[in-house]
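Contents: one structure, followed by commentary.
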Amino acid sequence: MQSFIPIVLVVVQLALLLALSPFVVGLIRKVKARLQCRRGASLFQPYADLAKLFRKQPVISSTTSWIFTAAPYIVFASTVAAGLLMPVFVSHTPLNFAGNIIALVYLLALGTFFLILAGLDAGSAFGGMGSSREAIVATLAEPAMMLSILSIALTAGSTNLSTIVHQSALMEGVVVAPPAHLMALAALFIVTLAETGRVPVDNPATHLELTMIHEAMLLEYSGRYLALMEWAAGIKLLVFLTLIVNVFAPWGIATSLAPSAIAVGLLVYLGKVAALALVIGVIESMFAKLRLFRVPEMLGAAFILSLLALVFFYTLKG
Amino acid sequence: MPASTQLGSQLVDLCSVLLLLCCFAIVAQRRLSACVDLFALQSAFLAATAALVAFLTGHKHIYFAAALTIVIKVIVLPRILRKVIERLNVSRELGMNINIPAGLLICGALVIIAFFITQPIIPLGYLLTRDSLAIALAIILIGFFTMIARQKAITQMVGFLVMENGVFLGATAAAYGMPLIVELGVFFDVLVAGLIVGIYTHRLQDTFDSVDTSTLTVLKE
Amino acid sequence: MTVLLVGLLAIYIAGVILPPCFSGKARIQNLVAHGLAAAAGFAGMVLGLAGLLAPEPWTASVDSSIPFLSVAIRLDPLASFFVLTISVVGLAASIFALGYLAELYGRASIAAMGSLLNGFLLAMTLVVLADNGFFFLILWEVMSLLSYVLVVTEHEKPGVREAGLFYLIMTHVGTAFIILTFLIFFQETGSFSFEAFRHPDQQLPEGLRSIAFFTALIGFGAKAGIVPLHVWLPYAHPAAPSHVSALMSGVMIKTAIYGLIRVYFDFMGGEFPWWWGFTLLVAGTVSALLGVMYALMEHDLKSLLAFHSVENIGIILLGMGAGMIFHTYGLHELAALGLLAGLYHTINHAAFKALLFLGAGAVQFATHTRQIEEYGGLLRRMPWTGAFFLVGAVSIAALPPTNGFVSEWLVFQSLFLSFQLPTLFLKLMLPIAAAMLALTGALALACFAKAFGMSFLAQPRSSHARHATEVPRSMRVGMGFLAGLCIVLGLAPMLVVPLLDRVTAPLTGAAISSQVLALDGWVVAPVTVEFSSISTPVLAMLLVVAGALGLLIARLFGKALGARYYKTWGCGLNLTPRMEYTATGFAQPIKQVFETIYQPTVKLEQEFLEQSKYFIKHQRFESHIEPVFEKYLYRPVVALLLAAADRLRIIQAGSLHLYLTYIFVTLVLLLLWAG
């Protein structure tokens, strides 16, 4: 009996990631629509989109190789695997031992690598352009992400996500290093916007040639392959949102396996993710997309913020 | 240390950090008017820090300094600067000698340097505000850097004012504020400096049709 | 052990001597030379493993009549590890060469190349085994000279001789500094034996030790390609035939890493000031970053790979440097971790870099060009080579669950554990180095997305690529072996870590194998599972399961919908290869963002029609990046030397009598000085 619990937890977490991610995408779209005084599509539209795409016959470019058809599965797999490594609604996630936060970052990078290759495979200039831009954005986001992660990890004395979340969830009253946390949060938030292709960096709603990044890479995809790619993008967004809410605001997460704690943890988690999605929707409505060569400045700022987080962690004793 | 003091000193730290963050935002800005707004925001944080210190230590005269900060640095000076920008039709973009990412990196290095310099004296300071001293020094250095890295006269004024904010924070941190008369004098100085730079910018515009201080190099002939 | 070693040496020597005996039969020469090299490689692997597992170092020595020189050999764990690395790559490269050299039959001397290769492998193996400074230097020099000859094999091609000469000069500058290092030790101990270096009668004075630190760093650094001593590497490595490039980039530069570890940890006894480790850390960070950045701008596939060697040497140095810093502060377990991470990356880099060079060789074999811009669509024409190259690319980009990921992850851990250090400065600097490592990793990802994507995907960009076919079987076997090794080294750290621990334990005084491996070895967890852990087998399993889940869902919804094939959408036009994104275009944003480092110059000449300036008759576009080090560091030095030589020419009047006078005066002065 006892040995069943971890397996059940993993399966539940997997199901939650798969089921919730289209909803988050839909929620952000809804928020944007409301802010633009539109009614917007239903919150559940992304589910319908996915179902539709899965049932369509895909058209594959005749210039492509097996990379093109394998890439969606690899991107999907790496994103899902990354999602399974982190605590979602229970602070002790069973697969925690398999990879710490660096492994999570590199798993996502595996997806990015194959996404870039997929963009190049069809041989269209759009795909190449998208891949090239994705490469620079992903590159510049990496150092900021690593440093901000480290300054969080230092607070908990661990780079294992479960330990980080568990410790900060158990902490009561005063947070240990507020300035450091604040900076790291800001840095990680910017990185999230860049990595998941949200507005100041990329516009997920556009098919305008000159501005697209993620969409440009997916241009040749259709049918189930497109569905998997879109789903993976949704899961990636959810992974980053979960990371932020659980690391910086772990309050309410289930620290034990009591049914009541899990129920509370689940509800609180849903609320927090929805709130963060709301924030992202508002930000997307407030800002215009940046020119590509302004993005390095933004990510440079994120790097500086994460560096300050580190400096403050060591120097500000409070 | 008692929990309340710890909380207090964390709050002071947080406020000081926000001040520092404003500095970085100024360095990262491309638009002139946003620089002025950020300076006003920074001054507001400064006033908040001062008020916090006043509340926690019971030094009443710091309240007075905080109030003066609000009046002069949050309201009057930004207004003067905005008026100058408006009146002179200064172009919105800043002239830069050093680009933004490099500037940010340099500022990051300056912060680290500031912390290293102050490390030996930090344990000697008051418990409540000792960390702010390092941040104050960092703000002064970044203010100075802004004056070097940006070309327009108005940004140089902003840099100067940022430095002044740093000095004020440092004084609050190190000695719980300067004597009232000194503070008054400083505020008066800043005000006058603001006015002088305003007039000087006007003259610059009249003579060169630009507020870019690098045009001043032609005067050496 | 003795039998193994003697056998190994005998096979190599046979490999040197036998091939020329079959004159005129190129195919047999090829078979004999590379068959023997492969056999020796296999024997070397066994010897290396045996040496690693042996409880005591195994030594042998024969004194010679030359003073201070003795043919001393010592097979300790450190040497065994490098013997293993050299032999593995040697094995793969010689199998590859069997097919690769086939196209040179009748055009080049296969016997000479085969003998040289065997000699080169023998010299490298002996370099790491040598236990005497004099002996070491002789072997080092033999190794350098043989590799020089191998570099200039194809000397009729443009640029090859220049590359060779550049390499020869740089390696000799390096050797000079290594000689200096050994002379410093000699001065204290009065012997050239490594045993004496290891246990000097009295400690070297602090200043002299520091000088030895720097001379060793420069001497071995010139071979390893540490920035700014790396300038020869991107010229020389690509100029050699590909299986030799694989050996040079994969293992020869590692002999320099061996030298550094030997000198710092073994001879210096692990008592360093903190700034030694810090210097290594800075050198590593700079090498890693600049190496990968220049690689991104390189569109010659082999030069690109050569620049990545600079990057990976940087990563190895990061691990070593962190280890040295921890050692200074007495954190022996962390020191062992840092060194272990560096060594793990050493063997990983040997595996994937050799694989990639062999892959590049295979592609060159099929297309007769090295320019990425002329490739394209090769994956459909060369499926095996493409798949192996992809494994190498994923490994070097440090993506899970491959071997590059494991070792880079370990380097990250050792840098993150810096919070245990006592000084604020280092506490801040090590994480910054980690951030730079993250940037390096991301740039490497971009670079190999470029290298693989542009070479193997989309449509062929030239007739070379269009007519490419898959390479012969022996070449595929060579690559396949290394690709398998990359995967095994990634999935089975529980086999590698205990072996490496035997190397690092005597050097740092802490055995950490049992701490690093948790849960029966399924989890790698430096220090504690609480701090951090990964398990590549589980990650790989997760990936497979999640991928299968995706497949299942797609099947479930779409039943068995087939796919339709149609041409790529090109805005209504028929897509031609000329419309594809080029490698230059792919790297353009990166060039623009890191402008400060690249210092690119762009020249655009346009000529318009007379009627209107909106119609361009023809235009010329030129763009290149500034070779900063060559321009600002090397050229002034060379200019200085030339100027000095000019001055000295006065004494060279061309008169025989004058020269005799010089000799006479020197002789007299020497006699006077001696008397």
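Chains as they are written, first to last, in the working numbering: chain A, 1 to 318; chain B, 1 to 221; chain C, 1 to 675.
Glycine included, every Cβ here is placed at the ideal spot set by N, Cα and C.
Beta-bridge analysis with DSSP links C:Y566 to A:S61.
Taking C-beta atoms as the reference points, C:L415 and C:A322 count as a pair closer than 7 Å. As a beta-bridge residue in DSSP terms, C:E605 pairs with C:R620. Between C:P577 and C:R473, the gap from beta carbon to beta carbon reaches 7 Å or more. Following the DSSP letters along the chain, one finds C:R649 in no alpha helix (DSSP H), marked with neither H nor E.
With a threshold of 16 other beta carbon atoms within 10 Å, C:T469 falls short and is exposed. Contact annotation: C:Y258 and C:F419 have beta-carbon atoms that are not nearer than 7 Å. When DSSP states are grouped into helix, strand and coil, C:V523 belongs to the strand group. Residue state for C:T125 is assigned as helix, using DSSP reduced to three classes. For A:V88, the three-state secondary structure derived from DSSP is coil.
B:L191 is the residue among B:F208, B:L191, B:T207, B:R203 whose C-alpha sits nearest the C-alpha of B:R79. Of the residues assessed, A:A205 falls on the exposed side of the cut-off, its CB having fewer than 16 other CB atoms within 10 angstroms.
Excluding residues up to 5 positions away in sequence, P234, P238 lie with their Cβ nearer than 6 Å to the Cβ of C:S303 in the same chain. CA-CA distance, A:M229 to A:M129, rounds to 18 Å. A direct Cα-Cα distance of roughly 14 Å separates A:A254 from A:L161. If you look at C:V62, you'll find it isn't in any alpha helix (DSSP H); it sits in the beta strand (DSSP E) that goes 58–63. Across the region 13–38 of chain B, CB contacts with chain A closer than 7 Å involve D13, L14, V17, F24, A28, in sequence order along the chain. Sequence-distant Cβ neighbours of C:R502 in its own chain, meaning closer than 7 Å and more than five residues away, are L52, P77. Residue state for C:S463 is assigned as helix, using DSSP reduced to three classes.
Proximity of A:E142 to chain B, defined by a Cβ-Cβ separation below 7 Å, is not satisfied. One finds nothing in chain B with a Cβ atom closer than 8 Å to the Cβ of A:F248; even the nearest lies about 15 Å away.
C:S193 and A:A82 have their C-alpha atoms some 53 Å from each other. In the assembly as shown, C:E607 is an exposed residue. Its beta-carbon has fewer than 16 other beta-carbons within 10 Å. For the region 113–138 of chain B, the beta-carbon criterion of a distance under 9 Å to any beta-carbon of chain C is satisfied by F115, F116, Q119.
Taking the beta carbon of B:P101 as reference, the chain A residues within 8 Å of it are P296, E297, G300, listed in sequence order. Distance from the CA of C:K25 to the CA of C:V471, rounded to the nearest whole angstrom, comes to 22 Å. C:R161 has its alpha-carbon roughly 6 Å from the corresponding atom of C:H155. In this chain, B:R30 is not harboured by any beta strand (DSSP E), its DSSP state being neither H nor E.
A Cβ-Cβ separation of about 5 Å places B:A65 in contact with B:E183 under the 8 Å criterion. At a cut-off of 7 Å between beta carbons, B:Q42 makes no contact with chain A. At a cut-off of 7 Å between beta carbons, A:F44 makes no contact with chain C. Taking 8 Å as the upper bound for CB-CB distance, A:T63 and C:Q459 are in contact here, some 5 Å apart. Put simply, of C:L457, C:V227, C:K254 the residue whose alpha carbon is nearest the alpha carbon of C:E373 is C:L457. DSSP places C:A72 in no alpha helix (DSSP H) but in the uninterrupted beta strand (DSSP E) bounded by 70–75. With a threshold of 7 Å between beta carbons, A:P200 makes no contact with chain B. Looking only at C:L126, C:A112, C:L69, the smallest Cα-Cα distance to C:A10 is reached by C:L126.
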